[in-house]
Amino acid sequence: MTAGRKPPGLRDVTRGRILFGGDYNPEQWPEETWQEDVRLMGAAGVNSVTMGVFSWARLEPRPGERDFGWLDRLMDLMHEHGIGVVLATPTASPPPWLGRLHPDTLPRGADGRTERWGGRQHFSHSSATYRRYAAAITEDLAARYAGHPALTLWHINNEYCTFDYGDEAAAAFRRWLRERYRTLDALNSAWGTAFWSQGYDTWDGILPPGDAHYLKNPTQVLDFRRFTSDMLLECYAAERDIVARHTPHIPVTTNFMPLWTGQDAWRWAAEEDVVSVDLYPDPRDPLGAQHGALVHDLTRSQAHGPWMLMEQAAGPVNWRGVNHPKPRGLNRQWSLQAVARGADAVCYFQWRQSRQGAEKFHSGMVSHAGEEGRTYQEVKRLGSELAAIGAEVTERHVRADIAVLHDWHSWWAGAHEGRLSTEVDLPDVLHAWHRALWESNLTTDFAHPEHDLSGYRLVVVPQLYLLTDTAIDNLLGYVRGGGTLVSGFLTGIADEDDRIRPGGMDARLRELFGIRVLHEWWPLDAGETVACEGFCGTLWSEEIEAAPGVTETVRYRGGELDGLPAVLRTGRAWYLSTLPEPEALRELLGRIAADAGVRPVLDGLPAGVEAVRRGELLFLFNHGREEVKISFMGTHRDLLTGMTVTDEAVLGRYGVAVLKP
Amino acid sequence: MTAGRKPPGLRDVTRGRILFGGDYNPEQWPEETWQEDVRLMGAAGVNSVTMGVFSWARLEPRPGERDFGWLDRLMDLMHEHGIGVVLATPTASPPPWLGRLHPDTLPRGADGRTERWGGRQHFSHSSATYRRYAAAITEDLAARYAGHPALTLWHINNEYCTFDYGDEAAAAFRRWLRERYRTLDALNSAWGTAFWSQGYDTWDGILPPGDAHYLKNPTQVLDFRRFTSDMLLECYAAERDIVARHTPHIPVTTNFMPLWTGQDAWRWAAEEDVVSVDLYPDPRDPLGAQHGALVHDLTRSQAHGPWMLMEQAAGPVNWRGVNHPKPRGLNRQWSLQAVARGADAVCYFQWRQSRQGAEKFHSGMVSHAGEEGRTYQEVKRLGSELAAIGAEVTERHVRADIAVLHDWHSWWAGAHEGRLSTEVDLPDVLHAWHRALWESNLTTDFAHPEHDLSGYRLVVVPQLYLLTDTAIDNLLGYVRGGGTLVSGFLTGIADEDDRIRPGGMDARLRELFGIRVLHEWWPLDAGETVACEGFCGTLWSEEIEAAPGVTETVRYRGGELDGLPAVLRTGRAWYLSTLPEPEALRELLGRIAADAGVRPVLDGLPAGVEAVRRGELLFLFNHGREEVKISFMGTHRDLLTGMTVTDEAVLGRYGVAVLKP
Amino acid sequence: MTAGRKPPGLRDVTRGRILFGGDYNPEQWPEETWQEDVRLMGAAGVNSVTMGVFSWARLEPRPGERDFGWLDRLMDLMHEHGIGVVLATPTASPPPWLGRLHPDTLPRGADGRTERWGGRQHFSHSSATYRRYAAAITEDLAARYAGHPALTLWHINNEYCTFDYGDEAAAAFRRWLRERYRTLDALNSAWGTAFWSQGYDTWDGILPPGDAHYLKNPTQVLDFRRFTSDMLLECYAAERDIVARHTPHIPVTTNFMPLWTGQDAWRWAAEEDVVSVDLYPDPRDPLGAQHGALVHDLTRSQAHGPWMLMEQAAGPVNWRGVNHPKPRGLNRQWSLQAVARGADAVCYFQWRQSRQGAEKFHSGMVSHAGEEGRTYQEVKRLGSELAAIGAEVTERHVRADIAVLHDWHSWWAGAHEGRLSTEVDLPDVLHAWHRALWESNLTTDFAHPEHDLSGYRLVVVPQLYLLTDTAIDNLLGYVRGGGTLVSGFLTGIADEDDRIRPGGMDARLRELFGIRVLHEWWPLDAGETVACEGFCGTLWSEEIEAAPGVTETVRYRGGELDGLPAVLRTGRAWYLSTLPEPEALRELLGRIAADAGVRPVLDGLPAGVEAVRRGELLFLFNHGREEVKISFMGTHRDLLTGMTVTDEAVLGRYGVAVLKP
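Protein chains in written order, with the UniProt record's numbering: chain A, 1 to 661; chain B, 1 to 661; chain C, 1 to 661.
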């Protein structure tokens, strides 16, 4: 955050409406199409478009030249029609001339090869030249549109996600390391370079961890990920500071990819006025709605309140092996689900499906089928519904008694190539734990392990391989303060430098959970299960000797671990040394939550029905294709239909109700 | 074709005989083996050998030196024994010294790495130096053997199939683009560079579409494929013009790989005097014979008559994971099948199996087992049979009432990485449609969508994703003129620049087929099927709103598309929005063909029996291992046995009959 | 071997004890941990540690500097505690400064990319600079510790396994080729460069066989593998000669990887005083014990007697997809199995599990769980058992009547990418044949095909694709001399230059086995079997015409090969043209062995029980988890328990008995 600036926020953009719209790339179309666009936007209730994301070559067709005329006309056109503009800095995709004239702006891969233009995102985050050109176009863009009445929000770059292993990045990496470690001794110690004769005698000898003969140094890899996230954040902050200087009253965002490995999103979110995310669940994924809910919960937690769904698809995407369209009603349902979980903006990539280019099979709000197509017709209906509920919904908060902990540094360290099992993938583990809570309609926030957790009744740690001492103290303090903590395996293994804690797991945590000796990790093969009392475990198991103080255990049954504890409880601290199958994990977490005084949003819901409260509103979703009946107490008004419902609601296929008491 | 030259043809080579022989690489053997070779060739009825394909290093052991003596002796030896020589320009595999002294002759891959010698085909099609050396050796070869009585046919290079992403190729690509588009504006428009900020401000900024960060520009990729085919064709034409200048009376060919993606074979075939192809079905493939038939039909259509099977294997190849030999009788059967479908030449790679080098496990007509080996013994029998039927067969034509349309540009565009389903693979789709016709003994030609189709009763379009306006007019005119047209899905989607047609499919075609709105494409997962009235569809389905004028439909049953049309007929135009399972497609096409007045070669054949007519001869093939009885009308003479058969023929395992009324 | 040096051997190190210990990397730990280490070592009976393997950067922190102080203290500490030191030259992993200051020391991959530091083994075997620095540090190390009383054995480098395709390696390859072939004509002939126009006109034109457009020249690839093995051996020999000069009385070894493709281990073993190997079977592999036995047998044969197990894991490794720990008792059992099969040293990588670096999840004798952990507790028990049996075991020999032949050159040639079946993998085939013998408790040596075989009653050739004339003469002489020979398919196919023998298989071998014509190879698909009389064959089959003199055959049943011989016996020579399923191969080899007068160690053992004799001691192993009873004749003392057993032993889960008559 730029010092001294009172941060504007999403409320300054929404002003009581749910934002509805999407990326708009009119430079791909003749101007006559623009008129058609505003007509269709108007009919669909579109009130926001994002422009300029990939317009650099158009705005600066030759180095230093500027062509803003077309954008002037579009800004005016939008304003005329009452549509706000999310204006993007176009720096995600430099024009071909930049790479041609300045090869130093091009990134190099782990294999040393230079990436060239012809796709997108071919820029080095460390390139001084790139940053200079990016700053210049950002400066001119901000200066030109600072006072334009259509401007509502700044969108910096797009889906920051690149790596660079080239020479300029190597130099920057060394500078970053000097700042972190000050001395080579400290670095050699943190990286454990005594192993495999990797001791550095000069800073100059340090390289990005490119392709190597065999396993790479894990802390070097970890630091390179930290560095990369920080370099991208520098790029973001530089552009943010420019636009904020011109328009202190206009908030700034950059759009995340959901649960993306490349950015420490906790740290990034703190640098944004508005937190926004792109979200593309597979319409065929039976757990697509849960994946959506997880991303909603995570983004809401990063935003500490309402957030922005910057991109989703009205129909199919084009980057999977097989790209399925959204069946009738699904786009509406998933959009309203985002609203239920805190979104005050429902936007798409993109307004009008492209006829050319690499994404011409990625859907738009207006598909190739045009106005008559089912896709646009459904968008239109959704637009009117969002307009109807907007005033009741925006700026309302979702409250949760449960926090799920997640940390990017832990993810990075735990994913090292030399780990015990490549079957253990953190996103899968996170999804498994979140699913157990979601299926029980237990609303959850996400939190960082060093956050203040005292407001939560239950803290869930699916897996935090790396925990700083501060984080460990935080967890211990949380339990001491009366909180209930439940943790999965591979938690507390490594310190901040990815140094294994003595005993294979932090001693304080072992004491907390009642683990006397952690003899061996027993990872399971793909598809293998391990029998426990009452359920089967997956992915992992452990040879643990319990401490005397353990209150309760579930034991392994049969096999090498027969009789050893699979689940341990010591007071309010639970430890799961395996990942129970979905139903068992749901049952177990439900019980733990109940003991901790946490209730589901509604009890006794049919399978496949999701309930979530936002403010006083109760949102209900039927994720199935068969009609369901839902019982609850009292009389509500369904804001979508305007009808009054008493004690029971009926939801058809992909049905949604937004009930106000 | 060189202007003013009256083209010689295959008839000038065959002169009433079926060519029989193969690649002969005597430089791998001591001269005493040559004597053995001609003895075994004589015994087997070999009348043609191909020499010099990989002899460059032998002919030009050092830059500019020439060593023709060994080839002189071989040419003479062949002539002595009455064996014609197909003489190859040796330019497919330059000698090591060329790359060493002229690194600019080496191609670079999409990843920027230079390919070096040590294998074969390590030449850049765009290299001026390569072309100069290739022209020089071609010139001297042509000059030396122009008058040699053994020379029957020129064989230019071998299986043109290379790519180059290097600097000289990049420059050539830019020249090619300037010629195609004239202005950068035209190129930017055709490529849709407004998407992802790819607008070019100079020709110099344009690169070959090498590896990129994410999806590449599809039209750039399409144009690079067009360019590559054209560059290779330039290489071919340059050598062809040299030899044609020396020997205007000797025809010229280059050998295609079957259904190879790298060459626009329609365009190439027009530049050849003789169309030849290499064909290597897997002996284990239950549809190997159909694959053969497809390639025969395609090659015959490119040749507009008799064609040349330049390479096949008498036994196993060595480039599959597991390479199976040909069971007893299969080599004979597949060779005669090629003759039935128009081949006037049955040749092999290679005469004598190599003892050394990368292909020493690729079979030869004389295998490692030698004269006593089963392989040679079967070759010998085949040779005598071909000699027996030659006079009755050569130059006779195969007639077809059905044309299957295929176009390389459409294939290239439709294969872009950013498409909706990677499960849809054009060769598979082509094979599926051809199979349905082949199993019904409905003889088919192939044709280009802009060819004159008026001679056909039925035109079949398995898939033509890209169609030019000319092609669309051609199809519309064909139907207006009384023809029956049946098309599969993903046809008419894009224009010549791979720009999606408004509505997602060309409006004229939608009207032709009775499609009012094409709402969404519904690709199917691998192995998934969709129920339709009476059959299951595979690979794809569509959400279509039919137009009022539709004559007949088959509907989807169940699922999201329940009740929507899967197959539409509007007059004589049929559209299939899914790929029916094999039996259903066969039944449907059989019915459409019958309605269009097309009859199978023979009715009521047992499964696994193929019947095809060439001129007045009726060829029958039993592709099974069990004896079958085949009924037909009248008395014929079996040219293979000399026996008379009346009303019925009995074919044993892999049996063949060639019946003359 | 350095001329004139009377070689010391393993007995000079063991002196009546079994060596017990492992790699020790104290530079990763503070000095206070060293005290803890020697205490735990003492308690566990550790008598040997390997130091310095990856200490180059510590010993030479900057070019030319030396830091031996820490190692001095450790050598003294070990000596104080009666622990011998296997001292390693640290040349496997150069310090970062070497690559930085001397990029010519870095190797390049087949794709031309330079490998850089950050992992390990980033050195070019051909780099003069690398060799110079390696010699210098070796010289100083040897000089310093030549007289140190703790020094027992030199360990040169570590797991030599690198390739280099760079320019200096290319030059060395050319020198190597000049020495091998003298003239380019000889090379062109050996490589068969007449194929694909690869004829070389200068030595300079020859490249390492890097990535190519299509299949590479197989003999070039073969020679490059020979060259690579020889270059690495030069590196080894140079360091060996230095240390031997300083300490002629101290033996020298380098640790092999088991059945590793990169070194001609027969040739290497001849250059070592002590043969040592690293061995990491997967604890989950049901045939892990057999894999161990195979490596034991191979290493013992290379050593011509007792050998050293240099590295194994006390628990999991960290380089598989899923890395399983060793269940209780398995580490002990597999260690004693190595002793039974000739090991006089049972060592580990590594003493104390690392807390940092790429292998921190690779187990140690002291695991992360520390002294209380099960792993260390089991190590301790094993140490005391080894101490108890040491005097009875060391220097005793294992005797075998069967030799299994294996040759690296044959492996290399047979693995060429252009072969008939990629399903045929020599290590698999070797394991299948060895398994059949191992499961019958038929003790086997390994031998090279040119070794003197006259001491064996039965010689088994799983597959020797390439056989020199000398080897063929050796085999023929062996059978003539009364020996029984049994061979699998793909034997005797190629000569030393990988030139296919006329007839597809050496004529003398065909005569020996009774093969008149080998018509075709019929490789089988993955998972496919072929029916034979009484069993099923896998992987391969052949179309063979038997010679009149064949004594006995087993025939194929059904399919294309119906009635042809699958197994042929001609006198004492057997040929198997397929790989019988495990039970059938065991039965067949058991019968052949019995006929040749070879008896199992014990008859009638339960499944899963292994018996092997070392000297007069009988070792028994129960590889199952259920108790078994084993019957034998007479009274023995079990050296592990001190108990007397008569006629029967009972072995529990993973049980072991060491019985002395």
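All C-beta atoms in this analysis are idealised placements derived from N, C-alpha and C, irrespective of residue type, glycine included.
By the Cβ-count criterion, Thr646 of chain C is exposed, with fewer than 16 other Cβ atoms from all chains shown falling within 10 Å of its own Cβ. The segment 435-445 of chain A and the segment 392-401 of chain A touch, with no fewer than 3 CB-CB distances between them shorter than 8 Å. With its beta carbon at least 8 Å from every one in chain B, Phe349 of chain A lies outside the interface.
Taking one beta carbon from each stretch, the segment 233-247 of chain C and the segment 118-137 of chain B have fewer than 3 pairs nearer than 8 Å; the two do not touch. Residue range Leu617 to Asn622 is occupied by the beta strand (DSSP E) that includes Asn622 of chain C, with no alpha helix (DSSP H) assigned at that position. Residues of the segment 115-129 of chain C with a Cβ closer than 9 Å to any Cβ of chain A, in chain order: Glu115, Arg116, Trp117, Gly118, Gly119, Arg120, Gln121 and His122. At a C-beta separation below 7 Å, Lys360 of chain A has these neighbours in chain B: Ile500.
For Leu518 of chain A against Ile500 of chain A, the beta-carbon gap comes to about 11 Å, at or over 8 Å, which does not count as contact. Look at Ala212 of chain C: its C-beta is under 8 Å from a C-beta on chain B. Not flagged as an interface residue toward chain C: Pro96 of chain A, since no C-beta distance is shorter than 8 Å. When the Cα atoms are used, Thr538 of chain A and Tyr181 of chain A turn out to be separated by approximately 40 Å.
Among the CB atoms of chain C, one or more fall inside 8 Å of the CB of Phe54 of chain B. Distance from the Cα of Arg108 of chain B is smallest, within the candidate group C:Ala212, C:Pro281, C:Lys380 and C:Glu168, for C:Ala212. Remark: C-beta atoms of Leu576 of chain B and Gly488 of chain B approach each other more closely than 8 Å. Annotation for Ala531 of chain B: Arg557 and Gly558 place their beta carbon closer than 6 Å to its own, counting only its chain and skipping 5 residues before and after. Those residues of the segment 196-220 of chain A placed with their C-beta closer than 9 Å to a C-beta in chain C are Trp196, Ser197, Gln198, Gly199, Tyr200, Asp201, Thr202, Asp204, Gly205, Ile206, Leu207, Pro208, Pro209, Gly210, Asp211, Ala212, His213, Tyr214, Leu215, Lys216, Asn217, Pro218, Thr219 and Gln220, ordered along the chain. Restricting attention to B:Thr50, B:Ile206, B:Trp196 and B:Ala194, the CA atom closest to the CA of Leu101 of chain A is found in B:Ile206.
With a cutoff of 8 Å on beta-carbon distance, Ile156 of chain B and Pro90 of chain B are scored as not near each other.
Chain-ordered, the chain B residues with CB closer than 8 Å to the CB of His519 of chain C read Ser367, Ala369, Gly373, Arg374 and Thr375. Close partners of Leu420 of chain A in chain C (Cβ separation under 7 Å): Pro316, Asn318, Asn323 and Phe361. In the three-state reduction of the DSSP assignment, Asp638 of chain B falls in the strand class, which pools E and B. Around Thr247 of chain B, the same chain offers Ala146 as residues with beta carbons nearer than 6 Å, after the five sequence neighbours per side are excluded. With contacts defined as CB atoms closer than 8 Å, Ala343 of chain A and Trp307 of chain A qualify as a contacting pair. In the assembly as shown, Lys326 of chain A is a buried residue. Its beta-carbon has 16 or more other beta-carbons within 10 Å.
The Cβ atoms of Ala432 of chain B and Leu579 of chain B sit closer than 8 Å to each other.
For Ser229 of chain C, there are no neighbours in chain A by C-beta distance under 8 Å, as the nearest C-beta there is about 18 Å away. In terms of beta-carbon proximity, Gly504 of chain B lines the interface with chain A, with at least one pair separated by less than 8 Å.
For Ser93 of chain B, the residues of chain C that pass the 9 Å Cβ criterion are Trp196, Ser197 and Gln198, in the order they occur in the chain. Against chain A, a Cβ distance below 9 Å from Gly357 of chain C picks out Trp191, Gly192, Thr193, Ala194, Phe195, Trp196, Gln198, Leu215, Asn217, Pro218, Thr219 and Gly418. Straight across, the Cα-Cα distance linking Pro548 of chain B with Lys629 of chain A is about 39 Å.
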